[in-house]
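Residue numbers (the UniProt record's numbering): 1 to 400. Note that beta-carbon positions come from the ideal geometry of N, C-alpha and C, so glycine has one too. Worksheet: the structure to be examined is printed underneath.
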């Protein structure tokens, strides 16, 4: 739709030019018509919204589980210690705890009240509250390069079209996954194959023996925008078409979008939970009387509490090592693309001649309304009548 708007709606009515090219002219209200006719377009926003809500609930639930685990573990520890004392000591200890211990419901109320105050403050800063930062610390925040492939092909298509449909491999290298510049990779142009397959291009050899790549499907357009502009290479070309990005840059993965203080608090709570699980495990092993009530319930859940407490640090540790390798690979690819872009901005004499040859071979065909001999916008009989009427008037002018 962005492309349709970009070309003024002339890119569901088909026009056929004298050369057999089929163009498409979209009415101004095509968005409303598509939205009204397509059930999928009606349902997709609802599905996307459901996914967002589901993802948010998962993040909040995981963070809430940490708080619940801490409360459950330490409440059970207190219960076990209390049950192992004699009646008098147990009574005195219970009276002491009644005045100092925060019971689970009070703790949740406190966290809940503080949560809303913190949420208003944090959302102003980075859009993430503390409960969500727990999930972010453990699992991260998703791929920062989501949609990279779509962006890659859009940039390549835009560049090829801006250059008249004929380019060199060196010009497309800044947008692809290429090796660093070296003597071994200097003559290797195999990376161009996916572009040829996607945009139906083919190689050609110029008079100097240089291999150029022509993309006929990107040489024809229904818009005259950009035509008549003198073509350059190197820095002049980059300045003339500054809207085209110089190279594709991948974003490095972040361990977590939570700030440093939030990460420290999350790690502290995770450590507190892990320490409590270890203590609780030892107490459960030392019990001689069969547990009952809360202690029995927690004893059954204890394997899950152990898995949660252990994975809370095992998963981030594994991610940290994995992200180091991933970011090193991203940095290497970005550096290779940047080198190719710099080489293109300041080309050597041989590369400059090759680029100029590609500009000479390029031809950008703009199909005007005068070249359209048939359009589905009007009935065939009406168009035939208009042609005959025009011929009749032309003959009358000739006879005069």
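Checklist entry - Taking DSSP as the reference, what is the three-state secondary structure of residue 181? => result coil
Item to check | 4 or more residues per run - each alpha helix (DSSP H) lying fully within the stretch 252 to 309 | outcome: Qualifying alpha helix (DSSP H) stretches, in chain order: 260 to 286.
Item to check | Proximity winner among 157, 313, 204 and 210, relative to residue 194 (alpha-carbon distances) | outcome: 157
Item to check | Integer Cβ distance of residue 136 from residue 258, believed to fall under 8 Å | outcome: Indeed, because the Cβ distance is near 5 Å, the residues count as touching under 8 Å.
Next on the checklist: Does any residue of chain D have a CB that is nearer than 7 Å to the CB of residue 248?
Outcome noted: This model lacks chain D altogether, as it is built from one protein chain only.
Item to check | residue 338, DSSP secondary structure in three states | outcome: helix
Next on the checklist: Taking its Cβ as the centre, do 16 or more other Cβ atoms sit within 10 Å of residue 140, making it buried, or is it exposed?
Outcome noted: buried
Next on the checklist: Counting C-beta neighbours from all protein chains within 10 Å, is the total for residue 307 16 or more, i.e. buried, or is it exposed?
Outcome noted: exposed
Checklist entry - Is the stretch 320 to 331 in contact with the stretch 256 to 270, if contact means three or more CB pairs nearer than 8 Å? => result no
Next on the checklist: Given this structure, state the Cα-to-Cα distance separating residue 176 from residue 168, to the nearest angstrom.
Outcome noted: Roughly 13 Å separates the two Cα atoms.
Checklist entry - Do residue 280 and residue 75 have their C-beta atoms closer together than 7 Å? => result no
Checklist entry - Taking the alpha helix (DSSP H) that residue 192 falls in, what are its first and last residues? => result Element bounds for residue 192: n/a, residue is neither H nor E.
Item to check | Residue of 178, 182, 184 and 183 minimising C-alpha distance to residue 191 | outcome: 178
Checklist entry - Which residues in the same chain as residue 231 place their Cβ atom closer than 6 Å to its Cβ, once the five residues preceding and following it in sequence are excluded? => result Summary for residue 231: the model assigns pLDDT 49, below 50, so the residue's position carries little reliability, and this model does not support an answer.
Item to check | First and last residue of the uninterrupted beta strand (DSSP E) at residue 212 | outcome: 211 to 214
Item to check | First and last residue of the uninterrupted alpha helix (DSSP H) at residue 250 | outcome: Run containing residue 250: none; DSSP gives neither H nor E here.
Item to check | Selected residue, minimal CA-CA separation from residue 253, among 207, 344, 202 and 323 | outcome: 323
Item to check | Alpha-carbon spacing of residue 81 relative to residue 269, whole angstroms | outcome: Distance between the alpha carbons of residue 81 and residue 269: 22 Å.
Checklist entry - Quick one: Cα of residue 348 to Cα of residue 212, how far? => result 17 Å
Checklist entry - Taking the DSSP output, what are the residues bridged to residue 204? => result 212
Checklist entry - Are the Cβ atoms of residue 315 and residue 138 separated by less than 7 Å? => result yes
Checklist entry - What span of residues does the alpha helix (DSSP H) with residue 173 cover, start to end? => result Note, residue 173: premise wrong, no alpha helix (DSSP H); not H, not E.
Item to check | In DSSP terms, what residue 73 is bridged to | outcome: Per DSSP, none; premise fails for residue 73.
Checklist entry - In its own chain, which residues sit with a C-beta less than 7 Å from the C-beta of residue 63, not counting the 5 before and 5 after it? => result 131, 132, 134 and 135
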